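Input: a single structure, listed below in structure tokens.
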Amino acid sequence: MIEIRCKAGKEYYEHLIDKIVKGLKIKTLINNPSNEIIVLFSHAKSKSLGNCDGINKRKVKVSIFVEEHKKLYKTKKKYNGELLDTIIHEFVHAKQFLKGELVSLPGCYRYRSKKYPQSLPWEDEASRRAKAVAKRIK
Numbered sequence: 005m006i007e008i009r010c011k012a013g014k015e016y017y018e019h020l021i022d023k024i025v026k027g028l029k030i031k032t033l034i035n036n037p038s039n040e041i042i043v044l045f046s047h048a049k050s051k052s053l054g055n056c057d058g059i060n061k062r063k064v065k066v067s068i069f070v071e072e073h074k075k076l077y078k079t080k081k082k083y084n085g086e087l088l089d090t091i092i093h094e095f096v097h098a099k100q101f102l103k104g105e106l107v108s109l110p111g112c113y114r115y116r117s118k119k120y121p122q123s124l125p126w127e128d129e130a131s132r133r134a135k136a137v138a139k140r141i142k
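Mapping of the sequence shown onto this note's numbering: position 24 corresponds to residue 28, and the numbering continues sequentially without gaps.
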């Protein structure tokens, strides 16, 4: 289940996320009623464009920082493209958390059975897949 929280444009985001879920081939994972993804399109200030938190084994929170995109990308085309890339990137992390590939532990992460003190190899998969899926759905 996906819950979208935003001030405006919910239909647009629902359509976009549906395309992303199909592009990443994670529809079965998302449609599992015990899994929950909360997607927050936030206007808060942040040092990043997006973030994904594994709240527990079945619940993930994806935050997309809309204002940070607006500050960096002045044209609508560039803004929309980068926003799409960020959403896809964070949904790859959501998939990683829900499948147990990525686990947040106190002071470190476990990715595919190996502990890391900070973000590393899971970012590679998210960046690579975001680029590939974005090309297909743009």
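All residues carry an ideal CB built from backbone N, CA and C; glycine is no exception.
Every value quoted in this text rests on a predicted model; they were computed, and no experiment measured them.
The alpha helix (DSSP H) spanning residue i covers which residue range?
i, result
"Arg116", "Where Arg116 is concerned, there is no enclosing alpha helix (DSSP H), given that its DSSP letter is neither H nor E."
I need the DSSP call for residue i, collapsed to helix, strand or coil.
i, result
"Ser156", "Outside the shown range of the chain, which is 5 to 142, sits residue 156, and nothing can be said about it."
"Leu124", "coil"
"Ile30", "coil"
Note down the Cα distance separating residue i from residue j, rounded to an integer number of angstroms.
i, j, result
"Ile141", "Ile24", "8 Å"
"Lys118", "Ala136", "26 Å"
"Ala12", "Gln122", "34 Å"
"Ile30", "Lys78", "32 Å"
"Lys51", "Leu87", "15 Å"
"Asp89", "Tyr83", "10 Å"
"Ile91", "Lys74", "15 Å"
"Ile6", "Lys14", "12 Å"
"Leu28", "Glu127", "15 Å"
Ends of the beta strand (DSSP E) at residue i?
i, result
"Gly58", "Gly54 to Asn60"
"Lys65", "Lys63 to Phe69"
"Glu105", "Here Glu105 belongs to no beta strand (DSSP E), and DSSP marks it neither H nor E."
"Ser46", "Glu40 to Ser46"
Counting contacts by CB-CB distance shorter than 8 Å, is residue i in contact with chain C?
i, result
"Ile68", "No chain C appears in this structure, which consists of one protein chain only."
Handout entry: Three-pair Cβ contact test at 8 Å for the stretch 57-76 versus the stretch 87-102
Key = yes
Exercise for the section: Spell out a yes or no on whether the stretch 68-83 and the stretch 32-41 are touching, meaning 3 or more CB-CB pairs, one atom from each, closer than 8 Å. Expected result: no
Problem - Three CB pairs or more closer than 8 Å across the stretch 69-88 and the stretch 36-54 - result: yes
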